[in-house]
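Data block below; observations after.
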Amino acid sequence: MVGNTRIKYETKEQIAYIGFGYNNDKAQTVLDQETLLELADIVKDVHAKGRELKGLILHSVKPGCFLAGADIKLIETMQTESEAASGAEKGQLLYNGIEDLAIPTVAVVDGPCLGGGLEMVLACKAIICSDSSKTLLGLPEVKLGILPGFGGTYRLPRRIGLPKALDAILTGKMIKPKSAYKLHLVDAVYPKERLMAQALNHLKKSPKGKSLKETLESFATENFVTRKIIFQKARESVLKKTKGFYASPLKILDVMEAGMGKGRSGYLALEAQAFGELCVSDTSRNLRHLFFLMEGAKKYNGPKSTHPVPDLKRGAALGAGTMGGGIAWLMADNGMAPLMKDLNKDALELGMKQSARNFYGALKRRKITQDEFERKQRSIVPVTDFTGFQNVDLIIEAIVENLEIKQKVYRELEKYIRPDCIVASNTSSLRVTQMAEAFEHPERFAGLHFFNPVHMMPLVEIVTHPKADPATIEALYNWVIKVKKTPVIVKDGPGFLVNRILMPYLNEAGFLLEEGVSIKDLDNACLNFGMPMGPCRLLDEIGIDVAVKVAKIMHDALGERAKSNTSSKKLIENQFFGKKSKKGFYLYDENEKEIGLNEAVVSALPKSKKMDEIDIQMRVFLPMINEAAYILSDGLVLRPSDVDLALIFGIGFPPFRGGLLRYADSEGIDRIYRAIESFSKSVDADRYAPSPFLKKMVDEKKKFYDL
Amino acid sequence: MSAMKLRDVYLVMGKRSPQAKAGTDLKNVGVPYLASYLVRHLMDSFNIPSDVIDEVVMGNVGAPAKYPNIGRVVALEAGLDKKTSAYTVHRNCASGMEAMSQAFVKIACGRADLMIAGGLESMSQMPLIYNKEMTDLFIHLMKAKSLPEKLKALSVFRPPFLSPIVAIEQGLTDPFCNLNMGQTAEILAREMNITREEQDNFANQSHLKAIRAQSEGKMKEEIVPIAVGSKLDKLLEIDTGPRANSTVEGLGKMKPYFERVTGTVTVGNSCPITDGASAFLMASEDAVKKYNLKPMAKMTDFHFAGLEPERMGMGPLLAIDGVLRRAGKELRDMDVVEINEAFAAQVLGVLRGLKDKEVAKRFGLDKAWGEIPEGNLNPNGGGIALGHPVGSSGSRIVVTLAHELKRRKARFGLATLCIGGGQGGAVVIENIQ
């Protein structure tokens, strides 16, 4: 077709080829406006040619990427429910056009085929894919708070059966070629070099009939009664997982259940309408916001280096405690054959246990094989001296939190390492600037703060100091991305970013308890806000002794607004350290599972005072916003989005709210400011002293995301 | 041949794994991992790029079916560059020594500058094998196409078909003279009148010397701890064989194993079957200079010799004779001697041959080389206490020897061992530190 720029359309030997990724020099091909328009014209042309053509092949002219989904910016342009619904309808019509072709149609998938891309190939009669590790199929829309709106909810259950389709659509999971074949999502898997030749064979093949097993399966799932049970179970499981905070999985279930009894057009109408509703919902907007934040975080945006940035290949963990073992695990899992150093065998075995537990978990979940388990776990080299340190590119120190000891170790360490070796400290409470003083070459040093447990927590704070080389920061940033964690760059300061904002959350919780709010009401208020756990439960997790220590550091550094009360100290006196001692605010069993409140603590606290949930929430979340404003005004992070990313990935701030500052923006900065100001009069003048920065924002009528 | 000028060959560093009786602590270690971590340790100990090792040679006897060339797997698992050439050698009990000898020749004649040589053995993982009848049945079954053919192939099955061949047992039986290794030791004991008491005494000393070496922390210098346990979260740092409570009386109570009635060789005065590995980084002088290495020793020479398989335990006598002649040295020049202890009877036989002209003559030597002062022979115990992982022992005894010479600040050392099938191997090294 003349003038095509996004799709290569050609006919060879009476077979039409639609090639996506034409003229695309980006890493991924997405379905943008132009591609969809061109595709509509092409499908029309194929229809017009009728029996002239013997078949149609959909493929990608760009190796390693089929279609990574619809352009999310396209969704952003849809402002109203009806606009979004009609956008979905247009896509549905287009894909119906492909489905309705009388000639054989084969989709040839090499690379990601996601969202709108998968919905398109579902409209083809056959789908074949490559066995490449890049090939992934899935409908991830639910992760953005929407649903597959181009017929995905309609066509997927028809192809792979209702239960499997529900699982794929509700989880948004990525399906690898082998699993896709087992699911009957694709008809065959071939090496990528052989795909196009095989596509011709599949054009000739008539679709396979159902096997006996499949017939039985569909008989079992496609009757009224079992369907009802399937949907009911799915709904229960969704509610359990999302606690009702997310509308889209429930909407997906509504559409699919109601659609079952309807024909194509009726079903698709329901889907389009639901798509419209979800698109304009706050949750979806916030999740899309988060998606863009995450995409943005993939690129380094810190200080620029004038010389080459080192590639960190071999690693070492200094200290084999819980964190050191976790870091060694992360390095081993990423092929860095890390050295792990500690003082003796017993200490080293602690770290090996930590790492083994993580790898063994992966083995049990069948993420790795027994051979891979042995290779990865054995790639950790336990040492009690500095053997091998001259060959290492990155050292992460995770020894005891004591400045003098750390400085002494650094002075010793620097004798054994290359000048270009980067050293990072996993300190959570000490000041990186002071630690840097021990180094002959402080430019190679930075803070790299992991959260516990390393294998679960996605956030890593990269803590800079005045003498750090930009190349050090950039190398660490690239490395954190490589090991599939989310980096945030923050300047050195008390508690860095996450712990500093967490400080008022935990402090205020202590004051609320002292005022007579019950542990249960307090934690529930925060759970109902969407936090993964309430502050008391979180304190148990952190360790109450640790929290008290950190609180003191914060108070010393930040002054009266960071003061804390004494209720936690009383717990420590009673040996209630939290989960690690099996007793804290809650009690824990042998497997560290929570088994209810610690009545000893409950009875020691003042008698119950009822406070409205919303008031409790404001008491704990407002001072966090206030503290974030201080952080921004101090220039500790570059952008408000850093705060939002850090809190979502560091403490599980509810993603559907898009982050702390996005939440503040949506509530209105002036309202937030007035509420803080009023608490400063009614509760405490120091703790709720409004940040001048916030005041300035109100005066200038600015939101955080305007900064 | 003599016209060729040979280069000096350096033993830069040698390390070994802890050794554990088969079926115990090391039984689940994937075979290549017994040695790959040692190679990684050798590389970590110096500033040598991972792509400059010319070759890796590993001795291995069991040849696990999964690893037809285990030397190559060791090299890759150790993180050496993919272009590194690597192979596996087999000279039975001296496989590790054969690996070192090949590296010696290649470096000495200038074909290589940096090599890793050693050996590894998981005797725990030596398999049970289907016997010939069962194997034939499988072959017929695979050829059968139709159901009746298959049934016919199956119909010949008899329960004895399932009686397996124990690979390790077969491996320890000489195919030429059809004697078990223990039976060859009995021959030496009979012919040279080596008494049960002498043997038990020797075995007991092996344990006591090993225990003393452990308690003095000597073994730590040569052993690199290895991750063990079902989750690989424990570290094994020492050999588990040596028994502190070993006594001559206790050993005296054991029944002869190979000749039940008149024999003298027991499980107690023989080496146990064992898992373990050892490895050396070997270098030319050029490489030593280029990478600023501080070698622990020089490898002076080696020698292998054959004799009648039924007297294989005397192999070291011939090998010592050969290597001393090659090196132009006397036995008294050797400050420390390691004779691998396969059987107490066999080591005692070798010592007899060294001092007794008649015995020496019987094995074709034209002189008696003399006695080894007691404190200089296997000063830290030997195979009876530490075990004998067949693929590794040939290099393991050189590791132990090199470290002992270094400790004593002594000069020359000799390591030798008997080889199933009727051979002996020996190496002379020189401490240069």
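Residue numbers (the working numbering), protein chains in the order written: chain R, 1 to 707; chain F, 1001 to 1433. No residue lacks a Cβ here, since even glycine has one placed at the ideal position from N, Cα and C. Computed from a prediction, not measured in an experiment: that's the story for all the values here.
R/Ile127 has its alpha-carbon roughly 24 angstroms from the corresponding atom of R/Ala48.
The DSSP assignment places complete beta strand (DSSP E) segments of no fewer than 3 residues inside the stretch 142-225 of chain R at 188-190, in order along the chain. Its Cα nearest to that of R/Val463, the residue R/Thr472 stands out among R/Thr472, R/Phe386, R/Leu166, R/Met457. Contact annotation: the stretch 356-376 of chain R does not touch the stretch 401-410 of chain R, with fewer than three C-beta pairs closer than 8 angstroms.
Close to F/Lys1234, with beta-carbon spacing below 8 angstroms, are these residues of chain R in chain order: Glu349, Met352. At least one beta carbon of chain R lies nearer than 9 angstroms to the beta carbon of F/Tyr1033. Annotation: F/Asn1245 to F/Lys1015 spans about 28 angstroms, alpha carbon to alpha carbon. About 6 angstroms separates the Cβ atoms of R/Gly151 and R/Glu119, confirming a contact at the 8 angstroms cut-off. Counting along the chain, F/Gln1433 sits inside no alpha helix (DSSP H), nor does DSSP assign it H or E at all. Contact annotation for R/Lys345 against chain F: Pro1225, Leu1235, Glu1237 [CB-CB distance below 8 angstroms, chain order]. Within the stretch 378-438 of chain R, the complete beta strand (DSSP E) runs of at least 3 residues fall at 381-383, 394-397, 422-425. Here DSSP, grouped into helix, strand and coil, assigns F/Cys1177 to coil.
Less than 9 angstroms separates the beta-carbon of R/Ile327 from that of R/Asn426. Those residues of the stretch 383-398 of chain R placed with their C-beta closer than 7 angstroms to a C-beta in chain F are Thr387, Gly388, Gln390, Asn391, ordered along the chain.
Taking a C-beta cut-off of 8 angstroms against chain F, the contacting residues of the stretch 360-371 of chain R are Tyr360, Asp371, listed in chain order. In terms of beta-carbon proximity, R/Val381 lines the interface with chain F, with at least one pair separated by less than 9 angstroms.
For F/Val1323, there is no enclosing beta strand (DSSP E); the enclosing alpha helix (DSSP H) covers residues 1315-1327. Of the other Cβ atoms in all chains shown, fewer than 16 fall within 10 Å of the Cβ of F/Asp1081; this residue is therefore exposed. Distance between R/His59 and R/Leu139, taken at the CA atoms: about 19 angstroms. Straight-line spacing of the CA atoms in R/Asn574 and R/Gly650 works out to 30 angstroms.
Sequence-ordered contacts of the stretch 1120-1133 of chain F with chain R are nonexistent [C-beta pairs closer than 8 angstroms]. Here R/Ala436 has Pro442, Phe445, His465, Lys467 as same chain residues with Cβ atoms under 7 angstroms from its own Cβ, once five neighbours each way along the sequence are excluded. A straight line joining the alpha-carbon of R/Leu101 with that of R/Cys124 spans about 9 angstroms.
A Cβ-Cβ contact shorter than 9 angstroms links F/Asn1376 with F/Val1336. Proximity of R/Glu222 to chain F, defined by a Cβ-Cβ separation below 9 angstroms, is not satisfied.
The contact set of F/Arg1016 on chain R, defined by CB atoms closer than 9 angstroms, is empty, because the minimum CB distance reaches about 16 angstroms. Residue environment: R/His307 is assigned as exposed (fewer than 16 neighbouring CB atoms within 10 Å of its CB, all protein chains considered).
Spanning the alpha carbons of F/Asn1380 and F/Arg1311 requires a straight line of approximately 26 angstroms.
According to DSSP, residue pairing for F/Phe1302 in a beta bridge involves F/Val1427. Residue ranges of uninterrupted beta strand (DSSP E) with 3 or more members are absent from the stretch 1342-1413 of chain F; none lies entirely inside it. Sequence-distant Cβ neighbours of R/Ala509 in its own chain, meaning closer than 7 angstroms and more than five residues away, are Leu522, Pro535, Cys536, Val620. Taking 9 angstroms as the CB threshold, F/Gly1315 stays off the interface with chain R. Per the DSSP secondary-structure output, F/Pro1242 pairs with nothing in a beta bridge. Ranked by Cα distance from R/Ser564, the first of R/Phe576, R/Gly578, R/Ala547 is R/Ala547. Under the DSSP definition of a beta bridge, F/Val1012 lacks any partner.
The beta-carbon distance between F/Leu1317 and F/Met1013, rounded to whole angstroms, is 30 angstroms. This is too long to meet the 8 angstroms contact definition.
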